[in-house]
Each structure stands twice: as structure tokens, then as C-alpha cells.
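Here's the structure we're looking at; comments come further down.
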Amino acid sequence: MAKAKTNTEDYLRMYRQMVRIRTFEDNANQLYLSAKMPGLTHMYSGEEAVAVGICEALTDDDRITSTHRGHGHCVAKGAEFKEMFCELLGKEEGYCRGKGGSMHIADQSHGNLGANAIVGGSMGIATGSALRSKMLGHDDVTVCFFGDGATAQGLLYEVMNMAALWNLPVIYACENNGYSEYTKTEEIAAGSITARAEAFGIEAFKIDGQDVLAVNELTQKLVARCRKGEGPFFIELETYRYHGHHVGDINREYYRSKDEEKDWKENRDPIIRFRGWLVEQGIASEEEIEAMNAEIEKDATEAVAYAEAAKYPDVSEVDMHVYAD
Amino acid sequence: MRNITLSQAVNEALAEEMRRDPTTFIIGEDVAEAGTPFKVLSGLVEEFGTDRVIDTPIAEPGFMGMAVGAAMTGARPIVDLMFGDFIFLIMDQLCNQAAKIHYMSGGKLNVPLVVRTNMGATRRSAAQHSQSLQALVAHIPGLKVAMPSSAYEAKGLMKTAIRDNNPVVIFEDKLMYQDKAPVQEEEYLIPFGEANVKREGKDISLIATSSMVQVAEKAAEILSKEGIEAEVIDPRTIVPLDEKTLIESVKKTSRAIVIDEGHQSYGVTSEIASRLNEKAFYHLDAPVLRMGAMDVPVPFSPALEDITVPTPEGVAENARKLCSGELIHAA
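Structural data, given as C-alpha cells:
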């Protein structure tokens, strides 16, 4: 990992955000396992450094599009636990008034254009947001999060072509967690993923998605270049999802070994790595970190309790928001 | 009042709205210098430049998706979909994304965009360039659907569509681009959900969309000579639908034929006929009849293609049967 250089608050916020994501997911998983959550959900645990490294390089004006595995992006882009748990449980105070749920969760006020339950479904949206930014003379940048599985969708190649033709301020962030649902990525992706972007003349980078500082540093550079009209860019981030495709995907040894999971969790965990670095660099003590973790855990527990007690939307809301005024 | 073509009417509506609102732009294939294959957009790129009249690669899902993203973040895109048949290519972006984003976000995100596309057979363009697919999109909550029946409607509905905060799909009949109609110089808008009673009558209601309004009007002429007075109504938008005007008409005439160029089964005609049955049943003297396109892919040969769509003679024939009681016990 890199040497500490700028102010320590940024580092502590990155750590804090990563732990918030992990804690959110642990609580969401418990809600599922105790049958308190309607439907199911896709855990972001293990991929925290990707969402946090990228979103910490963005402002509230910058936009992101998220995926079915979207809780991490949502937290990283500035969302609060209370509204997120309310959304997960289908409550009125949720970010989407309970109409979106886990797969459409977003705090729109911080530039999150929504999680998308169609794999690859938001690639057009992200690129269109960038087109709007350029056309109206704004200077915001849009990051399009998607997984390795989504690289098989044709839409990606249509919009990368146009983004490259028109130099749009968009960053395609491919979270390669090694699995396309229940299938190894190597079985669904021919050739090189970054080479596909390069074929359109897009500068593409492949980096360790478990190293939050590396992710953040690269993103900062690319965001600055996007603002100068040098976009688009493509980043492939090597990462790992700790859970199955969704919370119900428990028995998964037919496609992924327990040894492999153990190796990633013990040797490449983004939070453990960054925590070690923070202590080593003298940015935070073990005690301070434990206190931060405990505070986040407390926040989550309180938010879950709040969401469980919160009320469902009134039935009169069912046909509200079909059309905008 | 001056007469202009439907093509000119659309062009004027786009130009006026693009002058009015700098966040509007047109995106699609061959929309700039080419002005589309039907030349509907001629002259717009000269006035607004290639930043706002954007030629895309041939990638319908791509530019449709980009329009959704631009609309969600403060622009008002007008998507030019060269043929209505290409709607199948943009279905995910239109129906899974654009139509649902306002709802899924609990009302926090809007998608103000227009898809202008076309419909209509008998142009000898065969099965993939002749379909009338309005029923497909009208089925999806969150989308509005307009079907102009003349240059006047084409202009007024387009202006309303561009100012609407929802995704709107406008189907222009490609055989009507050169048809002229009186269109005032002064600005006007046509509100959505207001049907237009084109001709008053007491014996039967002919409810028709787009070019089928002309078919219904011609049928009404034929019937009038025989002493049958048909009322012709153009819903103008099928979503939202002006049920009230349609039901009032049927309560008065007690008979109705619904005419639309989409396939008859599971189509626009079925939906409207069903609503009339549910809401005006005790006023009916005969079953409400549907007349849509035949349930076959549109054939190429003129000898075959022409018999797949409703004609004035066919409508008049069915109206006669309904008025004489012949179809009351039809098997």
C-alpha cells in the first residue's frame, strides 16, 4: 500500500465507510436469515474498497449508477442507515418509499441514479448522464458500476462506442468478483475485459480492487481528466464477493470452493488490510479503530430497530408515482 | 388558415420547443444532415447544430438508454426511432428503465423524454418495417402514448409530449407524412387525455386512432348516404385515455366499432371495447366490435398487404350489420 500523505481525515472516512458497508450487509443478512426482510438481497461484503475508493473521489454533483449488488455503492455515495434499512424492509421512510427495495435502493439526493436489477441495465443511463453533463456544459462526472457478468451484455459496447466518439465524462467501473451469478467469469468472458474497452480507444486500467488507496488514487486522476474533457475511462477492479450471488445462495461449492473463499477473506480483505495500514502509519490506534467499529455497529443496530418499528406505506400509495406531475 | 403537412407540423413543434428549452435535444440515427429517411427533421441541424441534433451509430438500445440517463439528470431528450418496429430493440430501456424509474425511486427521479416513432402498413415494406406496435407500450404503466391523426394533432401533441415530465411514445403514421391539414400559425398545445369528436352522429360510434380516423370518416360518409349517422371519435392519446368522452358517445349511439391499425388480438381495440362493455353495457344494443390489423405478420405483396388493415368499406359494412341487428347473435 501507498505511503500516507494528505490529511488523515480522508483515510479515516474511507475506513469508516468501508466498515459501514460491511456492517450494513451483516445486518441485512441477519434480517434475511431471521425472515424479517421481504424478498432477498445481494451482498456487497468483500467489495467495499471498490465502492469507497471510487465514491470518495466524487462530489455530490457527480453521478453513479449502481447494480443489483448496490448497498455498497449506496452507502459509499452518502446514504444513511435509517432510510436504507427502511427501504430494505419496504417501509414508508425508505429512500424509495418502499417501492424499490434492495435492488433499486438509492439516495438520489447524493447523485445516485439508482440500483438496477437488470444486469448491465444502467450502462445507457450512466452514459446518458455524461452526455447531458457535456451538452449542458456541466462539469460533473458519472461512474457506471457493473459486474464482470454484465460485460456479456451488448449494451456496454454500444454505449462505450458513443462515449468514446463524443469524449463523454464517464468512467466504466467493472467490479470483477470472479463470478457471473453462479458461473466462473472465465467461462463467460472470452479474451481480455480491458481490451474490449481499448478496442474503442478508451484508456483502460486493471487494478487491485481490494486496495482502497490504489482505487481512490486512480479514480481521482481519472475524474480530474474527465472534467477536462479527456473521458471516457474504463477500470477493471479485481475483487471478491464473500457471499453467494444472493443471500439464499448458501450451498455453492459446486461452483466455488471454501478454500478460495477463506483465502480471500483472510489474506485479501480490504478492511483488514486498510486497518493494518492505518495503525502502521500511526493514523489511528487500535483503540480508536475499535471505538469507530463499535459506534458503527451501534448506529446499525439502532437503524434496524427503527426500520422494524417504522410503518409501511399507506395502501393509497400503490398507484402514486406511476406518473410524474 | 394555412395548410401544412404532418411532416412540417412535427418539424415545427420540435423547432419551437427546442427554441423554448435549451435542455431539449434530438438523438437517433440519421437525424442531422439526413433529417431522417422521411425528411421530417430537415433544417433542424442547421438551426440547432450537431450538439442538439445528434446522429448516433445504429445502436437503438444504446441511444435509448442514454436518453433515459440524460432525462434523469436534467435534459429533455427526443429520441428518434426510425421505424416503430425497432421498439423491440429498445424494450428494456423503455419498459424496464424509463417507465419504472419514477415509481421505483418513490417519485424522486423523473424521466421526461419523448420517443417519436412511426407505424402503419400498406407501404410495401414487409413484416419488419410496417408494424403498429402501440399496444405493446400502452400495456406498460409509466408510459404515455400519443397517436396523432393529422398535422394539427401531430404538432399539438408533440409540444405537449416534450413538456411532459414522463416518458411519452408518439406514433406517427408514416403514410401520412405528406397529408396536409389546417394548422394555425399561433402557438397551441393539445392536452393529453382529451378525445376529439371529429363528427357527430346518433346511430353508431366509430372510435379510431391515427390514420384509422380517416378510414372512419370515410366510412361515416358512406353510411350517411344510407341514412346511418356515425359519430367519429379520435382519442388522440391512448394513455391516458379519455374514457368519459367515449362512454358518453356510446351511451348516445348504443353501438360502437373500435378501429386501430395494431394487431386485433390483445390490442388497443380490445382494451377500448372491453372498457365500453364494462362501463356502458346497459346502453348497448349490439356487441362492441373490434377492427384491428389481421393477426398475421405484415406481408409484402400488395395483393396480400392491403387486406390486412381496416378499410372504409369494411368499417361501413360492419356498421351496417350492427345497426340492422345482424351481429347481435354473431357466433
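Protein sequences appear in the order of chains A and B.
Mapping of the first sequence onto our numbering: residues 15 to 339, in sequence order.
Mapping of the second sequence onto our numbering: residues 10 to 340, in sequence order.
Using N, Cα and C, we set each Cβ at its ideal position, and we do this for glycine too.
Nothing here was measured: the structure is a model prediction, and the numbers come from that model.
Checklist entry - Can you give the Cα-Cα distance for residue 271 of chain B and residue 243 of chain B, rounded to whole angstroms? => result Distance between the alpha carbons of residue 271 of chain B and residue 243 of chain B: 15 Å.
Item to check | Supposed contact pair residue 259 of chain B and residue 298 of chain B - C-beta distance, whole angstroms, cut 8 Å | outcome: Not really, about 12 Å apart at Cβ, beyond 8 Å.
Item to check | Short Cβ contact (9 Å threshold) for residue 127 of chain A with residue 78 of chain B | outcome: One thing to note: residue 127 of chain A has its Cβ within 9 Å of the Cβ of residue 78 of chain B.
Item to check | Assigned exposure category for residue 396 of chain B - 16 Cβ within 10 Å defines buried | outcome: With chain B running from 10 to 340 in the structure shown, residue 396 of chain B is simply not present.
Item to check | Helix, strand or coil at residue 241 of chain A [DSSP, three-state] | outcome: Assigned with DSSP and collapsed to three states, residue 241 of chain A falls in helix.
Checklist entry - If we call anything under 9 Å between Cβ atoms a contact, is residue 156 of chain A one with residue 102 of chain A? => result Their beta carbons are not under 9 Å apart, which means residue 156 of chain A does not touch residue 102 of chain A by this criterion.
Next on the checklist: Could you check whether the Cβ of residue 132 of chain A sits closer than 9 Å to any Cβ belonging to chain B?
Outcome noted: Chain B contact via Cβ: present.
Checklist entry - What's the C-alpha gap between residue 194 of chain A and residue 275 of chain A? => result In this structure, the straight-line span from the alpha carbon of residue 194 of chain A to that of residue 275 of chain A is close to 16 Å.
Checklist entry - Of all Cβ atoms in chain B, is any one closer than 9 Å to the Cβ of residue 241 of chain A? => result At a cut-off of 9 Å between beta-carbon atoms, residue 241 of chain A makes no contact with chain B.
Item to check | Uninterrupted alpha helix (DSSP H) stretches inside the stretch 53–107 of chain B (no shorter than 4 residues) | outcome: Listed in chain order, the complete alpha helix (DSSP H) runs (minimum 4 residues) inside the stretch 53–107 of chain B are 53–57, 69–81, 96–100.
Item to check | Neighbour list for residue 8 of chain B in chain A, Cβ cutoff strictly below 9 Å | outcome: Because chain B is modelled from 10 through 340, residue 8 of chain B falls outside the range shown and cannot be assessed.
Checklist entry - Along chain A, in chain order, which residues have C-beta atoms closer than 9 Å to that of residue 33 of chain B? => result Correct list: empty, because the minimum Cβ distance to chain A is about 10 Å.
Next on the checklist: Less than 9 Å between the C-beta atoms of residue 81 of chain B and residue 102 of chain B, yes or no?
Outcome noted: No, these two residues do not count as a Cβ contact at 9 Å.
Checklist entry - Quick one: which chain B residues come within Cβ less than 8 Å of residue 73 of chain A? => result Around residue 73 of chain A, no beta-carbon contact reaches into chain B at under 8 Å, the shortest distance being about 14 Å.
Item to check | Cβ distance (whole Å) where residue 127 of chain B is taken to contact residue 181 of chain B below 8 Å | outcome: Taking the Cβ atoms as the reference, residue 127 of chain B lies roughly 5 Å from residue 181 of chain B, within the contact range of under 8 Å.
Checklist entry - Buried or exposed: where does residue 134 of chain A fall if 16 or more other Cβ atoms within 10 Å of its Cβ makes it buried? => result Taking a 10 Å sphere around the C-beta of residue 134 of chain A, we find 16 or more other C-beta atoms and assign the residue as buried.
Checklist entry - residue 7 of chain A touches chain B at which residues, Cβ-Cβ below 7 Å? => result The structure shown has nothing for residue 7 of chain A, since chain A only spans 15 to 339.
Item to check | Interface partners of residue 96 of chain B on chain A, CB under 9 Å | outcome: Residue 96 of chain B does not reach chain A, its nearest Cβ partner there being about 16 Å away, counting only Cβ pairs nearer than 9 Å.
Checklist entry - Quick check: the stretch 108–120 of chain A against the stretch 172–188 of chain A, are there 3 or more CB pairs under 8 Å? => result Too few Cβ pairs lie closer than 8 Å, so no.
Item to check | From A:201, A:161, A:294, residue whose alpha carbon lies closest to that of residue 269 of chain A | outcome: Answer by Cα proximity: A:201.
Checklist entry - Which term fits residue 240 of chain B, buried or exposed, when burial requires 16 or more other beta carbons within 10 angstroms of its beta carbon? => result Residue 240 of chain B comes out buried.
Checklist entry - According to DSSP, is residue 310 of chain B helix, strand or coil? => result DSSP places residue 310 of chain B in the coil class of the three-state scheme, outside both helix and strand.
Next on the checklist: For residue 184 of chain B, report the span of its alpha helix (DSSP H) as first-last.
Outcome noted: No alpha helix (DSSP H) holds residue 184 of chain B; DSSP gives it neither H nor E.
Checklist entry - Given a threshold of 16 other Cβ atoms within 10 Å of its Cβ, counted over all protein chains shown, does residue 168 of chain B qualify as buried or as exposed? => result Its Cβ being crowded by 16 or more others within 10 Å, residue 168 of chain B is buried.
Checklist entry - Helix or strand or just coil, what does DSSP make of residue 340 of chain B? => result Unreliable placement is indicated for residue 340 of chain B, whose pLDDT of 48 sits below 50; the coordinate value is still reported in the next sentence. Of the three classes helix, strand and coil, the one that applies to residue 340 of chain B here is coil, per DSSP.
Checklist entry - Is the Cβ of residue 220 of chain B closer than 9 Å to any Cβ of chain A? => result It does not: the Cβ of residue 220 of chain B has no partner Cβ on chain A nearer than 9 Å.
Item to check | Buried or exposed (CB count within 10 angstroms, at least 16 for buried), residue 234 of chain B | outcome: Result: exposed.
Next on the checklist: I'd like the span of the alpha helix (DSSP H) that includes residue 317 of chain A, first residue to last.
Outcome noted: Residue 317 of chain A -> alpha helix (DSSP H) spans 300–323.
Next on the checklist: Give me the chain A residues within the contact set of residue 65 of chain B, using Cβ-Cβ distance strictly less than 7 Å, ordered along the chain.
Outcome noted: Correct list: 176.
Checklist entry - Where does residue 284 of chain A fall in DSSP's three states? => result Here residue 284 of chain A sits in helix by DSSP.
Next on the checklist: Would residue 219 of chain B and residue 301 of chain B qualify as a contact pair, given that the criterion is a beta-carbon distance under 9 Å?
Outcome noted: 9 Å or more divides the Cβ of residue 219 of chain B from the Cβ of residue 301 of chain B.
Item to check | Within chain B, the residues that residue 194 of chain A reaches when beta carbons sit closer than 9 Å | outcome: The contacting residues do not exist; residue 194 of chain A stays about 18 Å from chain B at best.
Next on the checklist: Against chain B, with Cβ distances strictly below 9 Å, would residue 337 of chain A count as a contact?
Outcome noted: Interface criterion met: the Cβ of residue 337 of chain A is under 9 Å from a Cβ in chain B.
Checklist entry - What does residue 269 of chain A reach in chain B if we use C-beta pairs closer than 8 Å? => result Within 8 Å Cβ-Cβ: nothing; residue 269 of chain A doesn't reach chain B, min ~27 Å.
Checklist entry - Between residue 51 of chain A and chain B, is there a C-beta pair that is closer than 9 Å? => result No, no contact with chain B.
Checklist entry - Closer than 8 Å, Cβ to any Cβ of chain A: which residues of the stretch 75–87 of chain B, in chain order? => result Along the stretch 75–87 of chain B, going in chain order, the ones with a CB nearer than 8 Å to a CB of chain A are 75, 76, 77, 78, 79, 80, 81, 82, 83, 84, 86.
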